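Using this note's numbering, the letters of the sequence shown map in sequence onto residues 3 to 256.
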Amino acid sequence: NELELHYQPQIDLSTNTIKGVEALLRWNQKDDGMIPPDAFVPLAEECGLIVPLGDWVIGEACRQAKEWPDLTFAVNVSPAQFRQGDLVATVKNALEREGIDPSRLEIEITEGVLLSHTDETIAVLAGLQAMGVKIAMDDFGTGYSSLSYLRRFPFDKIKIDKSFTMDLGLCADADNIIEAVIKLGASMGMTSNAEGVETVEQANLLRNQGCKEVQGFLFSKPLPSKSISELLTDWQWQKYQNVESSFSKQERPC
Ligand code: C2E
Ligand code: CA
Ligand code: CA
3 NELELHYQPQ
13 IDLSTNTIKG
23 VEALLRWNQK
33 DDGMIPPDAF
43 VPLAEECGLI
53 VPLGDWVIGE
63 ACRQAKEWPD
73 LTFAVNVSPA
83 QFRQGDLVAT
93 VKNALEREGI
103 DPSRLEIEIT
113 EGVLLSHTDE
123 TIAVLAGLQA
133 MGVKIAMDDF
143 GTGYSSLSYL
153 RRFPFDKIKI
163 DKSFTMDLGL
173 CADADNIIEA
183 VIKLGASMGM
193 TSNAEGVETV
203 EQANLLRNQG
213 CKEVQGFLFS
223 KPLPSKSISE
233 LLTDWQWQKY
243 QNVESSFSKQ
253 ERPC
C-alpha cells in the first residue's frame, strides 16, 4: 500500500480554467521517501509487474475521478500493458465500477507502444476509442519517427514534449516546430497540449500559436489529490499572470 497517484492540472487556454489532470505514479517508500516513477517504472516494465501496477493506476484514477466530476483525467500506459493482460477489459471494468463516463478518460501512450506488435496494439487502441476513451500521443517529437505514428492511428491529442516548450521564445527552431505541430494536429482533428510550461512567456506564446491546453510547473507540480481539491476551489488564473520567469534568455542560450 505504498503506491500513490499525484495529479498535475491541465489548463484550458481558451477558458483559463483547469480542465483535467494527469495522474502520475509515486512510490511512497517508508524508508526512502517519495520515489519518482522514472526510478521504478522501467524496472516494473522489465519484470512484468507493470501490468498489475498499471491496472492499479487505472482503477485508482477512476476512483479519484468520481470526486472531480468536471475534470478529464489522463493516465500513462506502458507497452507491456498492451501486450499482456486485457487493457480494454481493465479500462471498461474500472470505468463501469466507478460509474465514470469513458469520454473523461484519456490514455497517454509513447512511441514505445507502437514500436512492436503494431496491429494488435492498434486494435487495442481502436477498442478503447470505440468505448469513448480518448487517446493521446505523449512526448511528441522526441522519438525516432513521430510523424509516421500520426498516420497509423487517429489520436485525439498530441502532447508536445517539454524539451520543445523549454526553448520557446529562446530558440526560433523550437517556436517554429511547436507552431507547425499545433497546426498539423489541428488539420488532422487532434488537439494539442504543451507540457513543461514554466513561465508566463511560454504560456502566452503557446496561446498565440493556437495551443489549446498546457500543463507545467508554472501552474502546479503534480500534487496529492487533497491538494488538487484545494487548488480547484481556490483557482485564480490571474495569480499566474505575474509570476517571474524561473530562467532568463542568458541562462538558456539557444
Ligand atoms: P510524462 O508522462 O512525460 O510526465 C510528465 C513529467 O514531467 C512528470 O514527471 C512531471 O512531474 C514532469 N513535469 C511536469 N511539468 C513540468 C515542468 O514544468 N517542468 C519540468 N521540468 N518537468 C515537468 P514524473 O511525474 O517524474 O513522471 C516521469 C515519467 O514517468 C512520466 O513522464 C511517465 O512517462 C512515467 N509515469 C508516470 N506515472 C506513470 C504511470 O502511472 N504509468 C506509467 N507506465 N508510466 C508513468
Ligand atoms: Ca504523460
Ligand atoms: Ca510527456
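Even glycine gets a Cβ: it sits at the ideal position worked out from N, Cα and C.
Please read these numbers as outputs of a predicted model, since none were measured by experiment.
Under the three-pair Cβ rule at 8 Å, the stretch 124-138 does not count as touching the stretch 167-184. Nearest in C-alpha terms to Leu220, of all of Leu5, Glu6 and Pro11, is Pro11.
With a beta-carbon spacing of about 13 Å, Ile184 and Met139 fall beyond the 8 Å limit used to define contacts. Counting only unbroken stretches of 4 or more residues, the alpha helix (DSSP H) elements lying wholly within the stretch 32-120 are 43-49, 52-67, 81-85, 89-100 and 113-117, in sequence order.
Taking a 10 Å sphere around the C-beta of Gln204, we find 16 or more other C-beta atoms and assign the residue as buried. DSSP places Phe166 within a helical segment (H, G or I) once states are collapsed to three.
With contacts defined as CB atoms closer than 7 Å, Glu62 and Leu7 qualify as a contacting pair. Checking the DSSP bridge columns, you'll see Gln12 partnered with Gly22. Environment of ligand 2, chain-ordered: Asn78, Glu110 and Asp140, taking every residue with Cβ within less than 5 Å of a heavy atom. The C-beta distance from Phe84 to Thr120 rounds to 10 Å, too long to meet the 8 Å contact threshold. Contact check for Glu113 against Gly145 passes: the beta carbons are separated by less than 7 Å.
In this model, Gln86 and Ile60 are separated by some 15 Å (Cα to Cα).
For Gln211 against Val199, the beta-carbon gap comes to about 12 Å, at or over 8 Å, which does not count as contact.
At a Cβ-Cβ threshold of 7 Å, Lys214 and Thr193 count as neighbours. Around Asp14, the same chain offers Ile20, Lys21, Lys214 and Glu215 as residues with beta carbons nearer than 8 Å, after the five sequence neighbours per side are excluded. When DSSP states are grouped into helix, strand and coil, Asp141 belongs to the strand group.
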